[in-house]
Structure formats: structure tokens, C-alpha cells
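Take the working numbering: the final residue in the sequence shown is number 679, and no numbers are missing along the way. Report on the following structure.
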Amino acid sequence: MDPEKERIEYLRRELHRHNYNYYVANSPEIGDKEFDMLMKELEALEAEHPEMYDPNSPTQRVGSDLSTGFEQVRHIYPMLSLANTYSIDDVEAWFKRVDEALSGQDVTIVGEMKFDGSGISLIYEHGKLVRAVTRGDGEVGDVVTDNIRTIKSIPLQLQGSGWPDFFEIRGEVLLPWAAFDRLNAERAEAGEPLFANPRNAAAGTMKLLNPAEVAHRGLDAYLYYLLGDNLPYDNHYDNMMAARSWGFKVSDAMTCLHSIDEVDKYINYWDKARKTLPVATDGLVFKVNSLRQQLNLGFTAKSPRWAVAYKFAAERALTRLRFVSFDVGRMGIITPVANLEPVLLSGTVVKRASMHNEDIMRTLDIHEDDMLYVEKGGEIIPKITGVEISERTPGAPPVSFVSHCPACGARLVRVEGEAAWVCPNKEGCVPQIVGRIEHFVGRHMMNIDGIGEETAAALFAHGFIRNVADLYDLTAMQLMTIEGFGAKSAERVIAGIEASKEVPFERVVFALSIPFVGETTARKVARAAKNIDTLMSMPTEQLEAIEDVGSRIAASIANFFADEQNKRMVERLRVAGLKMEVAVASESQPLSDTLAGKTFVISGVFAKHSREEYKSLIERHGGKNSGSISKKTDYVLAGENMGPAKLEKANKLGIPVISEDDFLRMTGE
Ligand code: IVH
11 MDPEKERIEY
21 LRRELHRHNY
31 NYYVANSPEI
41 GDKEFDMLMK
51 ELEALEAEHP
61 EMYDPNSPTQ
71 RVGSDLSTGF
81 EQVRHIYPML
91 SLANTYSIDD
101 VEAWFKRVDE
111 ALSGQDVTIV
121 GEMKFDGSGI
131 SLIYEHGKLV
141 RAVTRGDGEV
151 GDVVTDNIRT
161 IKSIPLQLQG
171 SGWPDFFEIR
181 GEVLLPWAAF
191 DRLNAERAEA
201 GEPLFANPRN
211 AAAGTMKLLN
221 PAEVAHRGLD
231 AYLYYLLGDN
241 LPYDNHYDNM
251 MAARSWGFKV
261 SDAMTCLHSI
271 DEVDKYINYW
281 DKARKTLPVA
291 TDGLVFKVNS
301 LRQQLNLGFT
311 AKSPRWAVAY
321 KFAAERALTR
331 LRFVSFDVGR
341 MGIITPVANL
351 EPVLLSGTVV
361 KRASMHNEDI
371 MRTLDIHEDD
381 MLYVEKGGEI
391 IPKITGVEIS
401 ERTPGAPPVS
411 FVSHCPACGA
421 RLVRVEGEAA
431 WVCPNKEGCV
441 PQIVGRIEHF
451 VGRHMMNIDG
461 IGEETAAALF
471 AHGFIRNVAD
481 LYDLTAMQLM
491 TIEGFGAKSA
501 ERVIAGIEAS
511 KEVPFERVVF
521 ALSIPFVGET
531 TARKVARAAK
541 NIDTLMSMPT
551 EQLEAIEDVG
561 SRIAASIANF
571 FADEQNKRMV
581 ERLRVAGLKM
591 EVAVASESQP
601 LSDTLAGKTF
611 VISGVFAKHS
621 REEYKSLIER
631 HGGKNSGSIS
641 KKTDYVLAGE
651 NMGPAKLEKA
661 NKLGIPVISE
671 DDFLRMTGE
């Protein structure tokens, strides 16, 4: 027998045996790494010998713990965040806005806990869990189904009745306090680093490559959001109670509230009572109950208007100031940062805390050596909220703001009406240039891989790049003079730069680093102006007429394009071949790369578009069509009367079957 084939059979036997030892007998003979190597070897050999295909090969096992990474999928509905509030007044203001927007209708609010774990999206088809996806960046997440299956409180097969054939349910994966403490005790004993808090522990656990280890850690999950086309009720609360009857864990704290008074009482009660819960919470969430009202209220770019989070008051710590440093951002803004004696705050060690700007720093009136109060409000970055005057060293001088840029020495300027001091040396100040290059190449901008902070700094230090336009003159030879770059990685960066010439105009505008112009604003501005020449010559009044653009943003855009250096840079980008106008949609023109790498099978009859139109839409969004369902299929787009054989096949392979509404939402059509 061919020695390679013999090796395949040997590896299969060995891997089956090791699997058994690990999962069943619980006495592995080899480590994960060795196991992975055997598996990789088998995968490679099987790829060379397709005639040896065997569905029972260890490489084919669903739920294999051996993948070296996770497959990524796009969420059917993006996973948005919630607008945060920090006071009862803010919640009341939200309630008022909701009330006004729904002019006079009765509004019921659902109050629930804000669980502090890791968000998860679960897809069920015909009562079975088929897929679990992490939040990821909100658009695309990691498929962690095998890990999630180990969470005993997540039903793999639903009970009861009334569940839609296809639906999504979202919730939070958590490591309960008790399990968290046990895990950290084990880690301490094993001399491994401890987890700072249950949230980090839960997120880390979900991404483990070994479901057996996941199972051991004792994750739990609370569900709080049902999505789909055929939900049983027209309101959130009843749907969640139905989900509870199907076997999901829905918190007992979930309650209907009928007035702002009841909302206040709920907040006051849980502010204390939450400390007795077995899991970490960082606030409460209030949601408009009626789905019809939710639809009326809609979403902002980031979060639903029909919901709001109330964050519990932050924990506070007191620690000593070591010194104040001044960070320089990509826009040249100088941020004073308090460097502190390390202190533990809500589970993490804090060493640095921002003081935002000179005014805030002055109001705090910080003196050298002061004892400072640090809080971790809703933001990840802790902030200084006060000074303990009683502990001030007598005679300690106040800390003053710098007058010159700590990076390049330029004299700082202050824009009228703004709190920030800015370093004006745009073309010569390293952190600004490096920051702008980093922003420019980012995934949501020009999407050029392989240039991180270090590379950007090295490119500048070598004199290859002074502004982003220089990227388009960069050569592979130049890149190869930078440490860590070989011919291959250099070629890859050059190819990425070349490919960025196809990035739509909307993203080019975002990539330019115009102060105050974020992703959404950039898109709106680009679409309103249609091309760069119009945009560059738009007077502020015209800019202000664009949705979401106020006087501050309008002035910032006008200033940006009035600057000679910026004008020259834009001109060079145009000459380099970047898209400088919005694409005109035509019947065959690409619309997005939302479905890139995804294969669809269409089946059945549709109401909103013809089959041909759906096929074309799939392609124009970067996806592929295929005639038959196989392992390679990512989605089945099902209309009325989809054949039962196809449905069964899709179910068997765990391929999501989506409706035309799902599809249209997915593509933003
Ligand atoms: S609802 C569209 N309800 O908080 C709104 N989220 O900042 C969907 N979270 O990503 C979210 N408890 O991971 C909702 N009861 C709750 C929640 C909750 C925790 C998390 C969730 C979300 C984040 C939003």
C-alpha cells in the first residue's frame, strides 16, 4: 500500500484513540499541541488524497476541538450596543423621548439586568441549536458552536412548542462568581495568570479551542433578545417568557414596568439587590415592550432607540499620582494622562487614567504627589474624578499643562471654542503621522493589511512615508529594509495598497482623518457631495444641510480642505488612482462585499424579488450562487414551497436556512 495512505489510516486510528482518551477516559496521553500536529498532518494528507475521503475521519468530526481558529460569519442582524446612561434622570429623559416619539400611545417598558459577560447569538432551526456566534465586531463574529454546546443551560433541543422554524436568540455568556473564584484558585495553584474579572474569563473561555476545557469551567448563559420573522408574540416580554418555556434561561429579574415611577423603583431595588446575584451585572436595561413600537422608534447608527442601559455607579479607588504625561493623538490633540501607583479597580489593575483636557485637569486642580480618585465609569478607560485634598503634601506645586508638544516640541495652539490644545505640526510630529497612517490603513477605511503602529513608525523613521499619499509610492524593496519584512510580506502589503484603490469613495473620506468625521458622517458627507471636488469646495452652509452634520463638523471639513497640505495630499491620492466619487449603481455593479466568500443556494418562490434578482443581488454583494446544497454552502435562501429534501439536507449539514427578509436585512437592501 502507498505509504501515504498507510499513514492516513494510522493517523486516523491514533487520533480516534487520543480523542477517546481525552473526552471519555479523561486521561490524555499527549498534549494539545502534539494532537494538533497529528491532526494537521492528517488534514494535509487527506487534501492530497481526496479518494481517501471518509466522513468518519477525525478531521470530519463536527465539534472537533482541534481547529486552530474559528470560522467567522456575518451576523444576520448586526449586534448593536446600547446607549448608556448613568443616572435616573437620564433614564427618565429617555422615557420622555420614547413617550413623545410614540405620541400618546400606552408604553410598557421591560426592565432587565445588564449582564456583564460576553454577548452571544444562537441560531435555532427546527428546534435545534445549529450555530453560536460571538459578537465579534458587531458585524462579523466567531462561530463557537462547539464550545457553546457544553453550556448545560443552553438547550440543544428545544422543549414545549410554538418556536419558529428559524430564529435567533441573543444573550450573555457568563462565568458565575463561584465558578470564577474556583477557576482563579485553580490557576493560582497551577501558577497561571489570574483572570481580572468574570467578563474576561467568560470571553476567554468561549474562545478556547478545547470544548472539554470549556465544559470544565462552568459557563452559564442568560438570554434576553429574540429575533426572527415569525416570533410568537408582538411584544418582547411574552416572547422571552415563551423562550423560557422552550428551555432557555431567562432572568427572573425581567419585569414589565408601566410608569416612570415603577422604573425608578426598579432601579433603586436592583442597585442593591444585584449584589446578591450569582453572576456579574453592570447595570440594568430598559426596553420598549411592543415590537411595533420598537419598529417605530428604530435605531441610530449604533444602538436601538427603543432601549437604554442604566449603568450602576462605578466603583472608585484612591491612589497616588506618580506623574502626568501628555499623549499626542492622530489629530494632534494633547491629552493629559495621570500615571498612577497601580491600584485594583472593579477587578482590573489601573496604572493610567485620562484627564481629557486642560480644563478638566485645571478643575481637578492636581498637585504633584496628590492622592487621586479613579473611577471606571461606563468607559473602558478609567478616569480621574477627584483629589483627596486632606492628603496633599504641604507645598506640593500644582501640575501645569504643557505649552509645547511633548513629541516634537512645537508650540501648542488652541482652537477657539474647543477645549483641546493641538500640536499644529501635522507633517512633522511622529505620533500624529503614525496615527493617521494607522487610521488610513484600518479595516473600515482602506483595509490595507500588514501595517501596524510599529511598521508605520518605521516607515516614517526611514523617510519612506510622511503622509498617507506616500503609501502609493511605497515599494516592496523599501518595505524589505524594515525589520520583520521578507519578500512575501512586503509583496502582500504592496498588493493590499494596490487593492485599496478599489475602496469606495465613502471610505476614502473616512480614511482622510478629518477631525470629528467618523464612519457614518463620512458616508453621509461623501454621498451628499458625490465627488471630492464638490466636497472640497462646499461652503459650510451646504455642509450643514447634510444629515448629522452640525456647525462644528461643517467647520472642521471646510478647514480641512482649505489647508494647502491637505489639498496636495488629496490631489496625490487622486493621481494614485483612489476612488474620488461615489459609484453609480447599475444593474451589474458591485454593491458591497458583505457576502464575500459566502455561497448561497436559492430555493422556492419569493415575494419581494424574483429568483433571478436574488441571484444577481448575491453576486453584487460579493457572494456566490450554487445549484445544490453541500458542505460548502453557507446559507440556503428559502422562499415559499422549498423542497422538503433540500430542507432536510440543509438541516443535516447545519446550514442556516434564511428567509428573503433575513437576506434583505443581511445585505442592507
Ligand atoms: S439587549 C440591540 N439586554 O450589553 C440591543 N443587552 O451594550 C441588544 N447586555 O451587546 C442588546 N445584558 O452583550 C441587551 N439584558 C440585556 C443585556 C444586554 C447585557 C450586553 C449585550 C450587548 C451590550 C450592549
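Each residue gets a CB set at the ideal place from its N, CA and C atoms; glycine is no exception.
Within the same chain, and ignoring the five residues on either side of residue 568 in sequence, the residues whose Cβ sits closer than 6 angstroms to its Cβ are 550. Across the structure, residue 469 and residue 628 are spaced so that their CA atoms are roughly 39 angstroms apart.
Residue side-chain check: residue 145 places its Cβ nearer than 7 angstroms to a non-hydrogen atom of the ligand IVH.
A Cβ-Cβ separation of about 14 angstroms leaves residue 590 out of contact with residue 478 under the 8 angstroms criterion. Between the alpha carbons of residue 243 and residue 221 lies a gap of roughly 35 angstroms. Using a Cβ-Cβ distance cut-off of 8 angstroms, the segment 249-258 and the segment 168-181 are in contact, since at least three pairs of beta carbons, one from each stretch, lie closer than that value. Counting along the chain, no beta strand (DSSP E) covers residue 481, and no H or E run does either.
Under the three-state reduction of DSSP output, residue 230 falls in the strand class. For the ligand IVH, no non-hydrogen atom lies closer than 7 angstroms to the CB of residue 487. Nearest to residue 281 by alpha-carbon distance, out of 223, 270 and 293, is 293. Short note on residue 11: C-beta not closer than 7 angstroms to any heavy atom of the ligand IVH. Within its own chain, the residues whose Cβ lies closer than 8 angstroms to the Cβ of residue 397, once the five positions on either side in sequence are excluded, are 374, 375, 376, 377, 380, 381, 382 and 383, listed in chain order. Annotation for residue 475: 443, 447, 466, 469, 481 and 484 place their beta carbon closer than 8 angstroms to its own, counting only its chain and skipping 5 residues before and after. Counting only runs that start and end inside the segment 118-162, the beta strand (DSSP E) elements of at least 3 residues fall at 119-125, 128-135, 138-144 and 150-152. Annotated as distal: residue 506 and residue 473, with beta-carbon spacing of 8 angstroms or more. Cβ contact annotation for residue 58 (same chain, cutoff 8 angstroms, sequence separation greater than five): 14, in chain order. Between residue 127 and residue 209, the CB-CB gap stays under 8 angstroms. Under the three-state reduction of DSSP output, residue 268 falls in the coil class, being neither helix nor strand. Ranked by Cα distance from residue 644, the options 520, 228 and 606 are led by 606. Taking the C-beta atoms as reference points, residue 101 is found nearer than 8 angstroms to residue 320. The beta carbon of residue 451 is closer than 6 angstroms to those of 458 and 461 in its chain, skipping five residues each way along the sequence.
Within the segment 573-654, the complete alpha helix (DSSP H) segments of 4 residues or longer fall at 574-586 and 621-630, listed in chain order. Within the segment 514-550, no beta strand (DSSP E) run of at least 3 residues lies entirely inside it. Secondary structure of residue 377 (DSSP, three-state): strand. Assigned with DSSP and collapsed to three states, residue 211 falls in helix. In the three-state DSSP reduction, residue 302 falls in the helix class (H, G or I). Comparing alpha carbon positions, the residue from 183, 630 and 647 closest to residue 637 is 647.
In this structure, residue 296 has its beta carbon at no less than 7 angstroms from each heavy atom of the ligand IVH. In this structure, residue 229 places its C-beta atom within 8 angstroms of the C-beta atom of residue 185. In this structure residue 564 is buried. Its beta-carbon is surrounded by 16 or more other beta-carbon atoms within 10 angstroms. Looking only at 298, 346, 358 and 351, the smallest Cα-Cα distance to residue 369 is reached by 346. At least one heavy atom of the ligand IVH falls within 7 angstroms of the beta-carbon of residue 182. Counting along the chain, residue 406 sits inside no beta strand (DSSP E), nor does DSSP assign it H or E at all.
For residue 672, the enclosing alpha helix (DSSP H) stretches over residues 670-676. Straight-line measurement puts the Cα of residue 178 at about 39 angstroms from the Cα of residue 555.
Taking non-hydrogen atoms of the ligand IVH into account, the C-beta of residue 319 is found less than 7 angstroms away from one of them.
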